[in-house]
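Chains as they are written, first to last, in our numbering: chain A, 7 to 282; chain B, 195 to 567; chain C, 73 to 365.
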Amino acid sequence: MTTGSFVTSTLRHFALLLISAFSLLPFAVMVSTSIKPADEIFSDSVRWWPEKLALVENYSEAFSAAPLMLYLMNGIIVTVAIFFLQVLVALPAAYALAKLRFVGRRVAFGFVLFCLLIPYHAIAVPLFILLYFVGLLDSYSALVLPFTISVFGIFLMRQFFMGVPDDLVDAARMDGMSELSIVWRVMLPAAIPALTAFGVFSVVAHWNDYFWPLVAVSSDSYFTPPLGVMAFRNAEAGNNFGPLMAAATIIVAPLLALFLLAQRRFIEGIAFTGIK
Amino acid sequence: MAGVNIRSVAKTFGETQVLKRVDLDIRDGEFISLVGPSGCGKSTLLRIVAGLEQQTEGHILLDGKTVDRLRPRDRDLAMVFQSYALYPHLTVAENIAVPLTMRRLSTLDRSLMGGLLPAARAKRKDIAAEVDKVCEALSISMLKDRKPAALSGGQRQRVALARAMVRKPSAFLMDEPLSNLDAKMRVQARGEIAALHRQLGSTFIYVTHDQAEAMTMSDRIAVMMGGEILQLDTPDHVYQMPQDLRVAEFIGSPKINVVKAMHTKDGVLAVARGETPGQSIHAAFRPEAARLAGEAEAPLAGIIHHVENLGADLFVQIRLDGGDDLVIVRCDPAGVRPVIGDRTGVAIDHARLHAFGPDNRRIDGSFRLEAAQ
Amino acid sequence: MSLSASQNRAGLALIAPAAVLGLLFLIAPLASIFVLAFTDYQLGDRALNFIGLENFHALGDDPVFWRSLSNTLIYSAVVVPGSVLLGLISALLIDAGTSLRSFYRTAFFLPVMASLLAMAVVWEFMLHPSFGIVNAAMKALGLPPHNWLKDGSIALYVLAVIGIWQSFGFNMVLFMAGLSAIPRDLYDAAEMDGTPNAWDRFKLITWPLLAPVTVFVAITSVIRSFQVFDTVHALTQGGPNKATEVLLYTIYAEGFEFFRSGHAAAITVVFIMLVVGVSMLRFLSLKKNGASA
Numbered sequence: 007m008t009t010g011s012f013v014t015s016t017l018r019h020f021a022l023l024l025i026s027a028f029s030l031l032p033f034a035v036m037v038s039t040s041i042k043p044a045d046e047i048f049s050d051s052v053r054w055w056p057e058k059l060a061l062v063e064n065y066s067e068a069f070s071a072a073p074l075m076l077y078l079m080n081g082i083i084v085t086v087a088i089f090f091l092q093v094l095v096a097l098p099a100a101y102a103l104a105k106l107r108f109v110g111r112r113v114a115f116g117f118v119l120f121c122l123l124i125p126y127h128a129i130a131v132p133l134f135i136l137l138y139f140v141g142l143l144d145s146y147s148a149l150v151l152p153f154t155i156s157v158f159g160i161f162l163m164r165q166f167f168m169g170v171p172d173d174l175v176d177a178a179r180m181d182g183m184s185e186l187s188i189v190w191r192v193m194l195p196a197a198i199p200a201l202t203a204f205g206v207f208s209v210v211a212h213w214n215d216y217f218w219p220l221v222a223v224s225s226d227s228y229f230t231p232p233l234g235v236m237a238f239r240n241a242e243a244g245n246n247f248g249p250l251m252a253a254a255t256i257i258v259a260p261l262l263a264l265f266l267l268a269q270r271r272f273i274e275g276i277a278f279t280g281i282k
Numbered sequence: 195m196a197g198v199n200i201r202s203v204a205k206t207f208g209e210t211q212v213l214k215r216v217d218l219d220i221r222d223g224e225f226i227s228l229v230g231p232s233g234c235g236k237s238t239l240l241r242i243v244a245g246l247e248q249q250t251e252g253h254i255l256l257d258g259k260t261v262d263r264l265r266p267r268d269r270d271l272a273m274v275f276q277s278y279a280l281y282p283h284l285t286v287a288e289n290i291a292v293p294l295t296m297r298r299l300s301t302l303d304r305s306l307m308g309g310l311l312p313a314a315r316a317k318r319k320d321i322a323a324e325v326d327k328v329c330e331a332l333s334i335s336m337l338k339d340r341k342p343a344a345l346s347g348g349q350r351q352r353v354a355l356a357r358a359m360v361r362k363p364s365a366f367l368m369d370e371p372l373s374n375l376d377a378k379m380r381v382q383a384r385g386e387i388a389a390l391h392r393q394l395g396s397t398f399i400y401v402t403h404d405q406a407e408a409m410t411m412s413d414r415i416a417v418m419m420g421g422e423i424l425q426l427d428t429p430d431h432v433y434q435m436p437q438d439l440r441v442a443e444f445i446g447s448p449k450i451n452v453v454k455a456m457h458t459k460d461g462v463l464a465v466a467r468g469e470t471p472g473q474s475i476h477a478a479f480r481p482e483a484a485r486l487a488g489e490a491e492a493p494l495a496g497i498i499h500h501v502e503n504l505g506a507d508l509f510v511q512i513r514l515d516g517g518d519d520l521v522i523v524r525c526d527p528a529g530v531r532p533v534i535g536d537r538t539g540v541a542i543d544h545a546r547l548h549a550f551g552p553d554n555r556r557i558d559g560s561f562r563l564e565a566a567q
Numbered sequence: 073m074s075l076s077a078s079q080n081r082a083g084l085a086l087i088a089p090a091a092v093l094g095l096l097f098l099i100a101p102l103a104s105i106f107v108l109a110f111t112d113y114q115l116g117d118r119a120l121n122f123i124g125l126e127n128f129h130a131l132g133d134d135p136v137f138w139r140s141l142s143n144t145l146i147y148s149a150v151v152v153p154g155s156v157l158l159g160l161i162s163a164l165l166i167d168a169g170t171s172l173r174s175f176y177r178t179a180f181f182l183p184v185m186a187s188l189l190a191m192a193v194v195w196e197f198m199l200h201p202s203f204g205i206v207n208a209a210m211k212a213l214g215l216p217p218h219n220w221l222k223d224g225s226i227a228l229y230v231l232a233v234i235g236i237w238q239s240f241g242f243n244m245v246l247f248m249a250g251l252s253a254i255p256r257d258l259y260d261a262a263e264m265d266g267t268p269n270a271w272d273r274f275k276l277i278t279w280p281l282l283a284p285v286t287v288f289v290a291i292t293s294v295i296r297s298f299q300v301f302d303t304v305h306a307l308t309q310g311g312p313n314k315a316t317e318v319l320l321y322t323i324y325a326e327g328f329e330f331f332r333s334g335h336a337a338a339i340t341v342v343f344i345m346l347v348v349g350v351s352m353l354r355f356l357s358l359k360k361n362g363a364s365a
C-alpha cells in the first residue's frame with residue numbers, strides 16, 4: 007500500500023461515515039429514546055445511553071397502551087394475503103403473455119404497460135366509492151382486494167418467463183402437462199429468483215403502506231402497523247416520547263430484522279424490481 | 195522497442211498460488227505465446243507485465259529497467275483484450291484516439307475550454323491524422339464513425355488492434371484476442387496478426403489457450419500449467435521434443451498417444467498391461483509417427499474402433515488389447531481403407547518415440563517399444 | 073381442435089382472472105376518475121350530475137390548488153437532485169474500495185426498508201423545538217434554533233430533507249447495479265490507454281456508461297416524489313397555512329375528509345397527467361437507449 011492509497015481510503019471512509027451518520031441518526035435516536043425515562047428525555051444534555059434504563063417501563067407501556075401485537079398481526083395477515091393472491095393471479099397471466107398466442111394478447115400486454123404508469127393513489131377515490139357501495143369498507147377485504155391484481159407482478163414475471171426456453175414448455179407439453187400445470191410445475195420453480203424479488207417488493211410496499219389503510223379502514227381492530235403508530239401518537243397526544251419511540255421501534259423491527267437477515271436478497275430484489 | 199524480462203515473478207490470491215516464481219526473458223521484437231489450459235496463470239502473468247495486477251514477488255523489466263513501481267500508463271505497453279473492451283459510447287475513431295488524447299492533451303486541453311486553445315487544436319489535428327493512418331493500415335477507415343455495437347466481431351477485433359497500434363508502444367500484450375471470433379475468422383486473423391508483427395517488428399506477448407494459435411504465429415512458445423512454465427521453446431521443438439508429458443499432451447491435435455511401459459533393458463521399453471510392479475514409464479508417439487501394420491511386426495495391437503476421415507488425413511482409432519486405451523494413427527486416405535472391427539497392429543517410428551518418467555519429465559535417449567511380455 | 077385454437081383457449085383462460093380483477097380494480101376506477109371529474113358527485117349520492125368543466129374552472133381559481141401544485145414541484149425539485157446525487161456519490165464511494173462495503177450498503181438502505189410513517193414520528197421528535205436533537209445540535213454550533221415543522225418558510229424543505237433521507241439508499245442500489253454492469257475490461261483498457269487519474273476514468277467510462285441509469289433513476293425519483301404523502305399527513309397536515317400542502321394530500325383531504333369526490337377527481341386528473349407525462353419521458357429515454365445499444 008502506498009501513502010496515496012492510504013489517504014484515498016481514509017477519505018472514502020470519512021465521507022461514507024458521514025453519510026452513514028445521516029442515514030442512521032433517526033434509528034439511533036429512536037432506539038436510544040425508547041429506553042430512556044421521561045426526565046432524561048426532557049433534559050438538555052444529549053446522551054445516547056440513559057443513566058437509568060427505562061427499557062422495561064417504556065416497552066410494557068407501549069404494549070399496554072395500544073394493541074401493538076394486533077397491529078403487527080394485521081400487518082402479517084394483510085401482506086401475506088396480498089402476496090399470495092397476487093401470485094395466484096399474476097403467474098398464469100404472465101405465462102400466457104409470455105408463452106401463449108391468443109387473441110388480444112397484444113392488447114392485454116398494452117393494458118399492463120399502461121397501468122404500470124398509474125400510481126394506485128390516483129384511483130383511490132373511485133375504489134373507495136366502489137367499496138362503499140358493496141359495503142366492504144373497514145374490513146380485511148378492503149385492505150387486500152384492491153391489490154390482488156398487480157400489473158407490476160405480471161410485467162415482472164412475464165419478462166422473466168420470456169427468458170425461459172420454449173423447449174422447456176414444449177417438453178412439458180410432450181410429457182402431457184396441461185397449460186395450468188405448466189404454470190405451477192414448470193414455470194413457478196424456474197421463477198423462484200424473480201418471485202423472491204417480487205415478494206420482497208410486495209411485502210415491503212404493503213407493510214409500510216399508509217395511504218390506503220388510512221382511507222379504507224377506521225376501526226382499530228383492522229389497523230396495520232403504520233396506522234397503529236399514528237393511532238398511538240394521536241392517543242398519547244402529549245409528550246410521552248419514551249413509549250412512543252418504543253412503539254415505533256416495535257413497528258419497524260420485524261421488517262428491519264428480516265432485512266438484516268437476508269440483506270442480499272432484499273437489496274437484489276429491490277434493485278431487480280427497480281430496473282423494470 | 196523493448197525486451198521484456200520476467201524475474202521470478204510469483205502471485206498469490208489469498209491462499210492460492212497462481213504463479214510460482216516464473217522466469218521468462220523475451221527478446222526485443224520477439225513474438226512469444228503463453229499457452230496453457232484455463233487457470234494456468236497465463237493471463238495473470240500478462241496482467242502483471244501490463245501493470246494491471248501487482249506481483250507478490252519478483253520483478254518485471256522493460257528494456258532492462260525495472261518497472262514494478264510504474265503504473266500501466268507509464269509502462270509504454272498496449273493491450274488487446276479478449277472482450278476488446280471498446281468504449282461503447284464512443285465511435286471507432288474516438289476509441290482509437292483515446293490512448294493519444296489521454297497522453298498528449300492536458301486536462302485543460304481536454305476540457306470544454308480546450309477547443310479554444312490553438313495548441314490543443316493543433317494537437318487534436320495531429321491525433322486525427324494518426325488515427326486515420328492506423329485505420330487505413332487495418333482497412334477500417336469506412337467504420338470510423340460507427341459505434342462498437344454496430345460492428346461485427348472481426349471488425350471490433352481490428353478496432354481493438356488499431357487502438358493498441360496507434361500509440362506505437364514498445365510492446366503489445368494480447369489476451370486471447372481471437373477467442374470471440376468464429377473458426378473461419380480466427381484463421382484469417384491469425385495470418386493478419388502475424389503479418390502485423392513482421393511489419394511492426396515490435397515485441398508481442400500473446401496469451402491463448404488454443405495451441406494452434408500459439409504454434410502458427412509465435413517465434414517461441416511458453417507452455418504454462420499450474421502456475422509455472424513447463425517448456426519455453428520454438429514451436430518446432432515444443433512439438434517434436436516436448437520436455438514434459440503434459441506439454442506433449444497439450445500441444446498437437448489429435449492428442450499424442452501415450453501407453454504405459456516398463457523399462458526392461460537399455461533403450462527397450464515393454465508395453466505394460468494392467469497393474470505394473472514398480473514405477474512405470476510413459477511411452478508417447480504422435481499419430482503421424484505410427485502406421486497400421488501386421489500384428490506380428492508391431493508392438494501394439496487391437497481392434498479398429500473408429501475411422502475419422504478429414505479429407506486430407508484419415509485418423510484411425512484403435513482400442514488396444516487388454517484395456518480400454520485408444521491410440522490414434524494417421525493414415526493416407528488414398529491407401530487401403532481400414533475397416534471398423536478388424537484387428538490390426540500398430541507399428542511405431544522409433545526415431546519419434548518419446549519416453550517420460552513417473553515425474554512426467556522427458557527421459558533422454560533413443561528407445562524402442564516392444565510388445566508386452 | 074388445432075394447436076393454435078387450444079393455445080388460444082388456454083391463453084384466454086389463464087389471463088381471465090387477471091383481466092376481471094384488472095377491469096374491476098384498475099381500468100374501471102381509472103375511467104371513473106375521468107367521469108367523476110366532470111360531476112359534482114359527493115360520496116353517498118345515488119346519481120351523477122354532470123357539470124361540465126366546472127370543477128376545473130374552480131381549480132383554476134383555487135389558491136389552495138395552485139399552492140398544492142407548486143409545493144409538489146418545489147418538493148420534487150429539492151428531493152430529486154438531492155437523492156440522486158447523494159445516491160450516486162454513495163454508490164461511487166462504496167464501489168471505490170473493498171472494505172466495509174456491505175456495512176455502508178446496509179446503513180444507507182435501512183431508511184428505504186423502515187416504515188416511513190414510523191420514522192416520520194421519530195423525525196418529529198428529533199425536530200421538536202424544545203428537546204429535539206436537531207435544535208440541540210444547532211445550539212451546540214451557536215446557531216439559532218427553529219420550530220422546524222411549524223415555520224411556514226422552511227417546513228416544506230424540512231420534509232424534503234426527510235424525503236432525501238428516505239430515498240437516496242434506493243437510488244444508491246440502482247446505481248450500484250449500474251456500476252456492476254460496466255465491464256472491468258474497460259477500466260483496464262483505460263488504464264493501458266493512459267488515463268491519468270480516477271476523475272478522467274470517471275469522465276471517460278463511468279459517467280457516460282451510467283448515463284442511462286442516471287436518467288432512469290432521476291425520472292423514477294420524480295415520480296416517487298410526486299407521491300409524497302406520509303410525512304405531510306403525519307407531521308404537518310399540509311400546514312402551517314398550506315405551506316406543505318401537496319397534491320396527494322389535497323386529493324386525500326377533498327376525497328376522504330370532505331367527501332367531495334368530483335372535486336378530488338379533478339385534482340387527480342392533474343396528478344395523473346403529471347405522472348404519466350414524466351413516465352413518458354422515461355419511456356422515451358429507454359427507447360433511445362434501446363435503439364443505440
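Quick reminder that beta carbons are idealized off the backbone N, C-alpha and C, glycines included.
Exclusion of the five residues before and after VAL118(A) leaves LEU103, VAL157, ILE160, PHE161 and ARG164 as the residues of its chain whose Cβ lies within less than 8 Å of its Cβ. In the three-state reduction of the DSSP assignment, MET273(B) falls in the strand class. Within the stretch 61-89 of chain A, no residue places its CB atom closer than 7 Å to a CB of chain C. Only residues of its own chain outside the window of five on either side were considered, and among them THR397, ASP413 and ARG414 have a CB closer than 7 Å to the CB of GLU224(B), listed in chain order. Taking the Cα positions, VAL193(C) is about 53 Å away from THR285(B). Bounds of the beta strand (DSSP E) holding LEU424(B) are 422-427.
The C-beta of GLU126(C) comes no closer than 8 Å to any C-beta of chain B.
Annotation: LEU231(C) has no Cβ neighbours in chain A at a cutoff of 7 Å; minimum Cβ distance is about 14 Å. Around the CB of LEU282(C), 16 or more other CB atoms lie within 10 Å, so the residue is classed as buried.
Closest option to TRP195(C), judged by alpha-carbon separation, among PRO260(A), PHE33(A), THR154(A) and ALA72(A): PHE33(A). PRO231(A) and ASP257(C) have their alpha carbons spaced roughly 48 Å apart. Under DSSP, THR538(B) shares a beta bridge with GLY496(B).
Under a criterion of Cβ atoms nearer than 8 Å, the residues of chain C adjacent to PHE275(B) are, in order, ASP257, ASP260 and ALA261. For the stretch 198-218 of chain C, the set of positions with a beta-carbon nearer than 7 Å to some beta-carbon of chain A reads MET198, PHE203, ILE205 and ALA208 in chain order. Look at PRO266(B): its C-beta is under 8 Å from a C-beta on chain C. Our two residues, TYR113(C) and PHE89(A), have alpha carbons roughly 34 Å apart in a direct line. For the pair ILE123(C) and THR340(C), the CB atoms are not nearer than the 8 Å cut-off. Note on geometry: alpha-carbon atoms of TYR146(A) and PHE217(A) lie some 15 Å from one another.
Taking C-beta atoms under 8 Å as the contact rule, VAL216(B) and VAL198(B) fail to qualify, at a distance of about 12 Å. In this structure, VAL229(B) places its C-beta atom within 8 Å of the C-beta atom of THR402(B).
For LYS222(C), no beta strand (DSSP E) run applies, since DSSP gives it neither H nor E. By the rule that beta-carbons nearer than 8 Å mark a contact, TYR216(A) touches chain C. About 28 Å separates the Cβ atoms of MET244(C) and PHE343(C), ruling out a contact at the 8 Å cut-off. In terms of CA proximity to ALA99(A), VAL189(A) leads the group LEU61(A), VAL189(A), LEU136(A) and PRO73(A).
In this structure, the alpha-carbon of ALA253(C) lies about 25 Å from that of MET352(C).
For GLU324(B), the closest of ARG357(B), ALA314(B) and LEU302(B) by C-alpha to C-alpha distance is ARG357(B). Against chain A, the CB of ASP302(C) has a partner CB under 8 Å away; the residue lies at that interface. At a cut-off of 8 Å between beta carbons, GLU185(A) contacts chain C. DSSP, reduced to helix, strand and coil, places ASP438(B) within a strand of the structure shown. By the Cβ neighbour-count rule, ILE423(B) is buried, with 16 or more other Cβ atoms within 10 Å of its own. Look at ARG18(A): its C-beta is under 8 Å from a C-beta on chain C.
Distance from the CA atom of LYS327(B) to the CA atom of ARG201(B), rounded to whole angstroms, is 37 Å. Contact note: ARG273(C) does not reach chain A at a C-beta cutoff of 9 Å; the least C-beta distance is about 13 Å.
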